[in-house]
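Protein chains in written order, with the numbering used here: chain A, 1 to 378; chain B, 1001 to 1085. Idealized CB from N, CA, C, for every residue including glycine. Model, not experiment: these values are computed from the prediction.
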Amino acid sequence: MNDVTVEPPLGMLAELTHRCPLHCPYCSNPLELAAKRDELTTAEWLDVLDAARDLGVLQVHMSGGEPLLRPDLPELVTRAADLGCYVNLVTSGLGLTAARLADLVDRGLAHVQLSVQAADATRADQIAGAKAHSRKIDAAAVVREAGLPLSVNVVLHRANHDQVAALIDLAERMGADRLELANTQYYGWALRNRAALMPTPEQLAAAEPIVRAATERLRGRMEIVYVVADYYERFPKPCMYGWGARQLTVAPNGDVLPCPAASVITTLPVENVRTRPLREIWYDSVSFGAFRGEGWMRDPCRTCDRRALDYGGCRCQAFMLTGDAAATDPVCSRSPQRPVVDAILAAQPEADVPDFVMRAPTVARAEPSRTQTRAGSR
Amino acid sequence: MPGKPRLRRGVRLTFDRTRDTHVLLFPEGVLMPNATAAAVLELCDGSSDVGEIAEKLRARFRGVRDQDVADVLARLETRRVVEWT
Ligand SMILES: C[S@@+](CC[C@H](N)C(=O)[O-])C[C@H]1O[C@@H](n2cnc3c(N)ncnc32)[C@H](O)[C@@H]1O
Ligand code: SF4
Ligand code: SF4
C-alpha cells in the first residue's frame, strides 16, 4: 500500500517467553506455544531492543507467558531503560519478590501491570489452574512498597463476570492506580474455550451500571478501563489503532507480528528478527503492509463513514471467523457476515457450560494435554 | 486551580531524537506535547504554583499569561498527565 505514510512505531510488546506457571483457559497466547529451546537468546533480545529504539519505539512491554521466568529480565530492563524507553512489566505476579522488584526498579522499570483471575482465592486459583491468588496479593503489596504505579488487569468471562463489584474492591485494596476490566478477546486458548468463556447478556447488563458507578466514585483515585465484549457490540474495536500503525509484537521465537494474535492468520508471511532487520520488517515487509491504511479495504468498509474510527476492526478476528483476513470484522453490524457472530451467540448454552481446556504446553503431540476443571460451569 | 502541579506517578517527560520532539511516556501510551506544553511540563516539579511557573516562562518567552499556563495544565490534568499537590 504505497499510498500510506508509515509512521515509526511507538510501542513494542516483547513476549520474552511463552512459559508460564499458570494455565488460564482465557490466555490469548497461541495454542502452539513456543518451546524454550526456540526462544531468542539474551544477545538477540538486546539487539531487538536496540533496533526497536532506533526505529522509534518508546514503550516496551515485557510480557509473555511469564516474563519473570527469564533470568535475563533484569539485563533486558536495563537496556530498554538506558535506551530511553518506558518499561512496563506485564506479569502474573508469581515470582515477583521485593528483592527482584527493587532490582528491576533500580534498573529503570517504570510500571507494573498485574493480572488477577477472580475476586476470591478459591475461584481465582481454579481459573488459573494453580495456587496463585494469594501470591498476587503479595506481589501488589511489593509494587506499592516500591512506589511504582500499579495497573491491575482482569480478563472477564462467564466464570468471573458476576464478581465485577468485588474485583473493583480488590483492586482498590491492592492500591491500584488503574484497573483494566477487559472482556475476553477470543484468540489462542480463549478461542478454544469460547463456549465456556462467553458471558451471558444478563451478566454484561448487570456489570455495566456497577462499572459506571465505580468509575464515578473512584475518579481521581483509581482509573477504571472497561473493555466491552465485542461480540455483543454493533461495531468492532479499533484494533491496534490500525494495522502496522503504532505497535509491534516480538514473539518468544523472534517472529515479528503487527498484533499479538496475528500468528493465527496462516496466510500472513511472518518475518523473524533472526532473518530480517526490524526496520525492514516494519517499513517494507508484506505482513506489515498487508492491512495498513485503507487501500486493502473492501465494501462495506471501503466507503464507510466509520473507517477512520475503527479501521475495519480486527484482521485476526476477520480471519478466524470468515477465513478472509481482509473481510470486514464480522462483529460489525454492517458486515454481511455478522450472522456468523449471531450464530455463535445464539448457540451459547444456558446451562451445562463446557469445561475449560486449561492452557498447557503443546509437546509434539496431536492434542494438547488436558486438565479439566469445573470453573467454567458456574 | 489548587496547589502546585507535578507529573503524575508513572509519567515521564523525555526528548525523543527519532521524532525530534518532547514525549510524555506513561503506562497507557505516549503523548507528544507541543512546545508550550513541554515548557510548562518541565517546570512541573511539585514546588511551583501556576504563577511561579508563568513567571519562569516569561524569562524565556514573551507574553506568557498566568491564564495560558492554567489552561495548558487543565488540559494535561484531563489527560491524566499532571496532578496537584
Ligand atoms: C498473555 S498475558 C502475559 C503476562 C502475564 N502472564 C499475565 O497474565 O499477566 C498479557 C496480558 O493479557 C491479558 N490477557 C490474557 N488473555 C487475554 C484475552 N483472551 N483477552 C484479553 N486479555 C487477555 C492478561 O490478563 C495480561 O494482562
Ligand atoms: S494469561 Fe495466564 S496463562 Fe496466559 S501467560 Fe498470563 S498468566 Fe500465563
Ligand atoms: S463497515 Fe467497516 S469501517 Fe464501517 S463500521 Fe463496520 S468495520 Fe467499521
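How would you list, in chain order, the residues of chain E whose beta-carbon sits under 7 Å from the beta-carbon of residue i?
i	result
A/Asp284	Any reference to chain E falls outside this structure, whose protein chains are A and B.
Can we count residue i as close to ligand 3, meaning its CB is less than 7 Å from some heavy atom?
i	result
A/Thr328	yes
B/Ser1048	no
A/Ser335	yes
A/Pro339	no
A/Cys301	yes
B/Arg1060	no
A/Asp177	no
A/Phe235	yes
Since residue i meets chain A, which of its residues come closer than 7 Å, beta carbon to beta carbon?
i	result
B/Thr1085	Near B/Thr1085 there are no residues of chain A at all, since even the closest Cβ is about 14 Å away, more than 7 Å.
Determine whether the Cβ of residue i lies closer than 8 Å to any Cβ atom of chain B.
i	result
A/Ala214	no
A/Glu223	yes
A/Tyr86	yes
A/Ser151	yes
A/Ala110	yes
A/Leu58	yes
A/Pro368	Because the pLDDT of A/Pro368 is 46, which lies under 50, any placement of that residue in the model is unreliable, and the number read from its coordinates should be weighed accordingly. A/Pro368 does not count as touching chain B.
A/Gly376	Because A/Gly376 sits at a pLDDT of 41, beneath the cut-off of 50, its placement in the model cannot be relied upon, and the following sentence gives the value as read from the coordinates. No, A/Gly376 lies away from the interface with chain B (no Cβ there is under 8 Å from its Cβ).
A/Asn2	A caution first: A/Asn2 carries a pLDDT of 49, below 50, which makes its placement in the model unreliable, though a value can still be read off. Closer than 8 Å: no.
A/Thr373	Its pLDDT being 48, under 50, A/Thr373 is placed unreliably in this model, and the coordinates cannot settle the point.
Please check if any C-beta of chain A sits within less than 8 Å of the C-beta of residue i.
i	result
B/Asp1016	yes
B/Arg1058	no
B/Val1064	no
B/Arg1075	no
B/Ala1037	no
Hey, is residue i close to ligand 2, as in C-beta under 7 Å from one of its heavy atoms?
i	result
A/Glu66	yes
A/His61	no
A/Ser151	no
A/Arg359	yes
A/His23	yes
A/Ser398	The structure shown does not extend to residue 398 of chain A, since chain A is modelled only from 1 to 378, so the question has no answer here.
I need the boundaries of the alpha helix (DSSP H) containing residue i, first residue and last residue.
i	result
A/Gln317	315-322
A/Gln395	Here chain A comprises residues numbered 1 to 378, so residue 395 of chain A is not present and cannot be evaluated.
A/Ala81	73-82
A/Gly188	188-192
A/Ala213	201-217
Name the chain B residues that come within less than 9 Å of residue i, Cβ to Cβ?
i	result
A/Asp177	Arg1008, Arg1009, Gly1010, Pro1027
A/Ala245	In chain order: nothing, as chain B lies at least about 13 Å away.
Can you name the residues of chain A whose CB is closer than 8 Å to the CB of residue i?
i	result
B/Arg1080	Glu223
B/Val1023	Leu58
Report the partner residues of residue i according to the DSSP bridge assignment.
i	result
B/Pro1005	B/Trp1084
A/His111	A/Asn88
A/Glu223	A/Arg178
B/Asp1045	B/Arg1006
A/Asp255	A/Asn272
B/Arg1062	In DSSP, B/Arg1062 forms no bridge with anything.
B/Asn1034	Note: B/Asn1034 sits in no beta bridge, so no partner.
A/Ala14	A/Met62, A/Val250
B/Thr1014	B/Val1023
A/Asn183	A/Leu156
B/Gly1098	Absent from the model: residue 1098 of chain B. The displayed extent of chain B is 1001 to 1085, so no value can be given.
Are there any heavy atoms of ligand 1 lying less than 7 Å away from the beta-carbon of residue i, as far as the coordinates show?
i	result
B/Val1064	no
A/Ser263	no
A/Asn29	yes
A/Ala195	no
A/Ala139	no
A/Ser285	no
A/Thr91	yes
A/Ala190	yes
A/Ala214	no
A/Thr184	yes
What residue range is occupied by the uninterrupted beta strand (DSSP E) comprising residue i?
i	result
A/Ser151	150-156
B/His1022	1021-1026
Using a Cβ cut-off of 8 Å, pull out every chain B residue sitting near residue i, in sequence order please.
i	result
A/Leu10	Gly1029, Val1030
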